[in-house]
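Trainee:
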Ligand code: FEO
Ligand code: CA
Ligand code: CA
């Protein structure tokens, strides 16, 4: 089913990208100049003038094997897996590995801190749930412990093997027990029960790196964990910020809204303000961007984080091509208008809505309904978002939405007016759609390489693997799609995931010689621990499947 692309054709795609960036072909040279004048973006670490071709490979075929399969010439090392000890204190690596971010130590591409998100637990960490569905106290505590984040130190040894350094002074867990400070409009307000701090973070899905080298991590499907642990729901569903090099720096930024946060992608407006794009991964939910009030000042380093406390949250209206401000003022105005009618998805009378959205704290805490009120377009599970380092267009994964027939999902590309990330108007296109014709289904996390290729991982749910219309895609995978040149919008498979897993959190080292990638929930359909459906990563004598992070190497420069 996958359109077979021969190696020579593929190399010519990659060559086009490299040549365009290295020098001077007319059309792309213009783009390069434009890109250089545009803002830096923070979710990648690459410059435009490089000539790296990270994606030199022979595409693989889909597979059903319980293996992480890569193209010929590539290898992977498991740097950390569920329950591995990560530091001298004996803390354990969490479960449900998702987002990765690599921070070089002393500028090294061979030693750095790796931040990994832990999204959820399963039978391999908490054991089977009782027939009545009740969790024990111990299970609830394990659920809080194994979610959150890990900061680990990783290095590549003389033989080229990536390993974890458990003697690291930085390695630590951040989880459901770690105290966070709330910032922004909801802090201390009745919307969050007057709280200025929150206990813990969990359901940490994707994230992003800031321009000041901290990590934003996104609380996605938080409700069940919070409810089981008796924690207030309004303290979760935020974007949290941590500093990998400073264990005391722990914030939840309420100005960025509370919803099922998938990720962040940070860039700058033409006039130097910070922009954060975000998806709300739910069926019929919206795409957002936050624009700071103040301007970014590189010399201020981490103090720029205060920019995330004050600004305007916008939601995309795909019909009008406008970003609508999600503010208490805008809602009050709408509710006061004669013809007001609550849009689909918003419950309550005018009076009830007025009472619900009195302050900006109320608005950010109940963000999805507020966004629908001001005209946000419900979309098909917006997951990861990336800003192209090539031309400032914004790529949004819409994973799927079976409630109205979008079975295989698509990637939307947003063109901000004049290429300014601060614009309030935009146009968009469907850049690529999942399905037989493209060879992938259900796009999720995205990453760019410096040749302008989009790396896409897929998230077909495990219950659908190898069944019905999902059959031909087999296991989930990692695909590479050029965003310009003759190979534009053609997907090539780079990796196939183990049984009942998805690949998450692709993240390159600055030299693009290593790709960190998470293998999330292998064997997650297991109901009997004596019969695991996957045993990845197949450690000798191990009887369970373990999520974890791998370091992929074998990338070659310049198509050699
Ligand atoms: Fe956690 Fe939306 O994937
Ligand atoms: Ca995801
Ligand atoms: Ca997912």
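In my numbering, the protein residues as written are 163 to 722. Note that beta-carbon positions come from the ideal geometry of N, C-alpha and C, so glycine has one too.
Say the cut is 6 Å; is the CB of residue 442 nearer than that to a heavy atom of ligand 2?
Mentor: Reading the chain shown from its first residue, position 280 is the one you call residue 442. The answer is no for residue 442.
Trainee: Expressed to the nearest angstrom, what Euclidean distance is found between the alpha-carbon atoms of residue 471 and residue 406?
Mentor: Mapped onto the chain shown, residue 471 falls at position 309. Mapped onto the chain shown, residue 406 falls at position 244. Going by the C-alpha atoms only, they are around 20 Å apart.
Trainee: So what does DSSP say about residue 580, is it helix, strand or coil?
Mentor: Position 418 of the chain shown, counted from the first residue, corresponds to residue 580. Here residue 580 sits in helix by DSSP.
Trainee: Can you grab the Cα-Cα spacing for the pair residue 702 / residue 259, in whole Å?
Mentor: Within the chain shown, the letter at position 540 stands for residue 702. Within the chain shown, the letter at position 97 stands for residue 259. Their backbone Cα atoms lie some 21 Å apart in a straight line.
Trainee: Residue 330: which of 704, 569, 316, 255 sits nearest, CA to CA?
Mentor: Taking the chain shown and counting its residues from 1, one reaches residue 330 at position 168. Of 704, 569, 316, 255, the residue nearest in Cα terms is 316.
Trainee: What would DSSP say about residue 532, mapped onto helix, strand or coil?
Mentor: Looking up residue 532 in the chain shown gives position 370. In the structure shown, residue 532 sits in a helix (DSSP, three-state: H, G or I).
Trainee: Answer yes if the stretch 227–237 comes into contact with the stretch 704–714, meaning at least three C-beta pairs across the two stretches below 8 Å, and no otherwise.
Mentor: Yes: at least three Cβ pairs fall under 8 Å.
Trainee: Is it a yes or a no for the stretch 578–593 touching the stretch 429–442, going by three-plus beta-carbon pairs under 8 Å?
Mentor: With a cut-off of 8 Å, the stretch 429–442 and the stretch 578–593 count as touching, because enough Cβ pairs lie within range.
Trainee: Would you identify the three-state DSSP class for residue 665, choosing helix, strand or coil?
Mentor: Within the chain shown, residue 665 is the residue found at index 503, counting from 1. The answer is strand: DSSP assigns residue 665 an E or B state.
Trainee: Is it the case that the Cβ atoms of residue 614 and residue 574 are separated by a distance below 7 Å?
Mentor: Stepping through the chain shown from its first residue, residue 614 is reached at position 452. Stepping through the chain shown from its first residue, residue 574 is reached at position 412. Result no, Cβ atoms of residue 614 and residue 574 do not sit closer than 7 Å.
Trainee: Would the C-beta of residue 545 count as close to ligand 2, meaning under 6 Å from any of its heavy atoms?
Mentor: As a working note, residue 545 is residue 383 in the chain shown. Yes, the beta carbon of residue 545 sits closer than 6 Å to at least one heavy atom of ligand 2.
Trainee: Any idea if residue 207 is buried or exposed, counting beta-carbon neighbours within 10 angstroms, 16 or more meaning buried?
Mentor: For the purposes of this step, residue 207 is taken as the residue at position 45 of the chain shown. Residue placement at residue 207 is flagged as unreliable, the pLDDT there being 33, under the threshold of 50; the coordinate-derived value follows with that caveat. Counting Cβ neighbours within 10 Å, residue 207 comes out buried, since at least 16 surround it.
Trainee: Is DSSP giving residue 335 helix, strand or coil here?
Mentor: In the chain shown, the residue the question calls residue 335 occupies position 173. Strand at residue 335.
Trainee: In angstroms with no decimal places, state the Cα-to-Cα distance between residue 453 and residue 477.
Mentor: The sequence position of residue 453 within the chain shown is 291, counting from 1. The sequence position of residue 477 within the chain shown is 315, counting from 1. Between residue 453 and residue 477, the C-alpha separation is close to 11 Å.
Trainee: Counting Cβ pairs closer than 8 Å, one from the stretch 629–641 and one from the stretch 593–606, do we hit at least three?
Mentor: The stretch 629–641 is in contact with the stretch 593–606.
Trainee: Measure how close the beta-carbons of residue 641 and residue 618 come, nearest whole angstrom, since I'm counting them as under 8 Å.
Mentor: Sequence index remark: in the chain shown, residue 641 carries index 479 (1-based). Sequence index remark: in the chain shown, residue 618 carries index 456 (1-based). Indeed, because the Cβ distance is near 5 Å, the residues count as touching under 8 Å.
Trainee: Check each candidate in 365, 369, 348 and name the one with the smallest Cα separation from residue 359.
Mentor: In the chain shown, the residue the question calls residue 359 occupies position 197. Considering only alpha carbons, the answer is 348.
Trainee: Quick one: measure Cβ to Cβ for residue 560 and residue 421, integer angstroms, because I've assumed they're closer than 8 Å.
Mentor: For the purposes of this step, residue 560 is taken as the residue at position 398 of the chain shown. For the purposes of this step, residue 421 is taken as the residue at position 259 of the chain shown. With a Cβ gap of about 16 Å, residue 560 and residue 421 do not count as contacting.
Trainee: Return helix, strand or coil for residue 564, following the three-state DSSP convention.
Mentor: Here the question's residue 564 lines up with position 402 in the chain shown. Correct three-state label for residue 564: helix.
Trainee: With 16 other CB atoms within 10 Å as the buried threshold, where does residue 616 fall?
Mentor: Against the chain shown, residue 616 aligns to sequence position 454. Looking at its Cβ environment, which holds 16 or more other Cβ atoms inside 10 Å, residue 616 is buried.
Trainee: Excluding sequence positions up to five away, which residues of its chain have a Cβ less than 8 Å from the Cβ of residue 591?
Mentor: Here residue 591 is taken as the residue at index 429 of the chain shown, counted from 1. Hits under 8 Å: 574, 575, 577.
Trainee: If the criterion is Cβ atoms closer than 7 Å, does the pair residue 264 and residue 527 meet it?
Mentor: To locate residue 264, count along the chain shown from 1; it is residue 102. To locate residue 527, count along the chain shown from 1; it is residue 365. Not a contact, by the Cβ cut-off of 7 Å.
Trainee: So does the stretch 551–560 actually touch the stretch 370–386, counting three or more Cβ pairs closer than 8 Å?
Mentor: Judged by Cβ distances under 8 Å, the stretch 551–560 makes no contact with the stretch 370–386, as fewer than three pairs qualify.
Trainee: Using only alpha-carbon positions, find the residue among 271, 305, 425 that is nearest to residue 261.
Mentor: Along the chain shown, one-based indexing puts residue 261 at 99. Of the listed residues, the one whose Cα sits closest to residue 261 is 425.
Trainee: What is the DSSP secondary structure of residue 345, counted as helix, strand or coil?
Mentor: If you number the chain shown from 1, residue 345 lands on position 183. Three-state DSSP puts residue 345 in a strand.
Trainee: In this structure, how does DSSP classify residue 715 when only helix, strand and coil are distinguished?
Mentor: Taking the first residue of the chain shown as 1, we reach residue 715 at position 553. Residue state, collapsed to three classes: strand.
Trainee: Considering only the alpha carbon of each residue, which of 326, 391, 534, 427 lies closest to residue 243?
Mentor: The sequence position of residue 243 within the chain shown is 81, counting from 1. It is 326.
Trainee: How far does the alpha helix (DSSP H) with residue 223 in it extend, from its first residue to its last?
Mentor: If you number the chain shown from 1, residue 223 lands on position 61. From DSSP, residue 223 is part of no alpha helix (DSSP H); its letter is neither H nor E.
Trainee: In three-state terms, what does DSSP make of residue 700?
Mentor: The residue given as residue 700 occupies position 538 in the chain shown. Correct three-state label for residue 700: coil.
Trainee: Sort 397, 681, 654 by Cα distance to residue 220 and report the nearest one.
Mentor: Locating residue 220 in the chain shown gives position 58, counting from the first residue. Answer by Cα proximity: 654.
Trainee: May I have the straight-line CA-CA distance separating residue 667 from residue 523, to the nearest angstrom?
Mentor: Sequence index remark: in the chain shown, residue 667 carries index 505 (1-based). Sequence index remark: in the chain shown, residue 523 carries index 361 (1-based). Residue 667 and residue 523: Cα-Cα distance of roughly 31 Å.
Trainee: Would you mind stating whether residue 310 and residue 364 have Cβ atoms separated by less than 7 Å?
Mentor: Here residue 310 corresponds to residue number 148 of the chain shown, with the count starting at 1. Here residue 364 corresponds to residue number 202 of the chain shown, with the count starting at 1. Cβ distance < 7 Å, so residue 310 and residue 364 count as in contact.
Trainee: Could you check whether residue 497 and residue 515 sit closer than 7 Å to each other, using their CB atoms as the reference points?
Mentor: The residue labelled residue 515 in the question sits at position 353 within the chain shown. The residue labelled residue 497 in the question sits at position 335 within the chain shown. Yes, Cβ-Cβ distance for residue 515 and residue 497 is below 7 Å.
Trainee: With a cut-off of 8 Å on the beta carbons, I'd call residue 228 and residue 323 a contact; round off their distance for me.
Mentor: One-based indexing of the chain shown puts residue 228 at position 66. One-based indexing of the chain shown puts residue 323 at position 161. At roughly 23 Å, the Cβ-Cβ gap does not stay under 8 Å, so residue 228 and residue 323 are not in contact.
Trainee: Spell out a yes or no on whether the stretch 349–357 and the stretch 395–402 are touching, meaning 3 or more CB-CB pairs, one atom from each, closer than 8 Å.
Mentor: Judged by Cβ distances under 8 Å, the stretch 349–357 makes contact with the stretch 395–402, as three or more pairs qualify.
Trainee: Indicate whether residue 658 and residue 639 have their beta-carbon atoms separated by less than 7 Å.
Mentor: Here residue 658 is taken as the residue at index 496 of the chain shown, counted from 1. Here residue 639 is taken as the residue at index 477 of the chain shown, counted from 1. Yes, the pair counts as a contact, with Cβ atoms nearer than the cut-off.
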